[in-house]
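Last residue of the sequence shown: number 1055 in this note's numbering, and the count goes up by one each step with no gaps.
Before any comments, here is the structure.
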Amino acid sequence: MKGKKEKKDRIVLGETGYPVFVTNAVTNTLIAVATRALAVSVDPPSIEASDAGVFHMEDTTPLPIVANPTRSAWQTDSVGLRFRLPVSWALLAPAVAWLEPNW
953 MKGKKEKKDR
963 IVLGETGYPV
973 FVTNAVTNTL
983 IAVATRALAV
993 SVDPPSIEAS
1003 DAGVFHMEDT
1013 TPLPIVANPT
1023 RSAWQTDSVG
1033 LRFRLPVSWA
1043 LLAPAVAWLE
1053 PNW
């Protein structure tokens, strides 16, 4: 395809240079976002360390009530890290469209 350039996380198609992001998280759906109508606010991140927490060690879909298996950071001489990144966003105008074609 003429004008196709590849970058790390996106593909730029045509002479206009519109970025196309590809993901497996949204299947059979085409989503368009006008990025100039999107307002984003990101506060500084915070990182906390603790040796007094209990970790839920489930690596598949966890059940809503049962927290099993668990691991105590204090009993296993471990340190847990919590990373928080406060992010807020809003649309300044109607700027999102989606299409679910039968490809």
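Even glycine gets a Cβ: it sits at the ideal position worked out from N, Cα and C.
All of these numbers come straight from a predicted model, not from anything done at the bench.
Assuming the contact rule is C-beta atoms closer than 8 Å, residue i and residue j should be a hit. Round their C-beta distance to whole Å, please.
| i | j | result |
| --- | --- | --- |
| LEU982 | TRP1050 | 7 Å |
| THR1022 | VAL1048 | Not really, about 40 Å apart at Cβ, beyond 8 Å. |
| VAL1031 | ALA1001 | 5 Å |
| GLU1052 | ASN980 | 6 Å |
| TRP1041 | VAL978 | Not really, about 18 Å apart at Cβ, beyond 8 Å. |
Could you give the residue range of the beta strand (DSSP E) that holds residue i?
| i | result |
| --- | --- |
| THR1022 | 1022 to 1024 |
| SER1030 | That residue, SER1030, is in no beta strand (DSSP E); it is neither H nor E in DSSP. |
| PHE1007 | 1006 to 1008 |
| LEU1043 | 1039 to 1043 |
Give me whichever residues DSSP pairs with residue i in a beta bridge.
| i | result |
| --- | --- |
| ARG1036 | SER998 |
Decide yes or no for the touch test of the segment 1024 to 1032 against the segment 969 to 978: beta carbon pairs closer than 8 Å, at least 3 of them.
no
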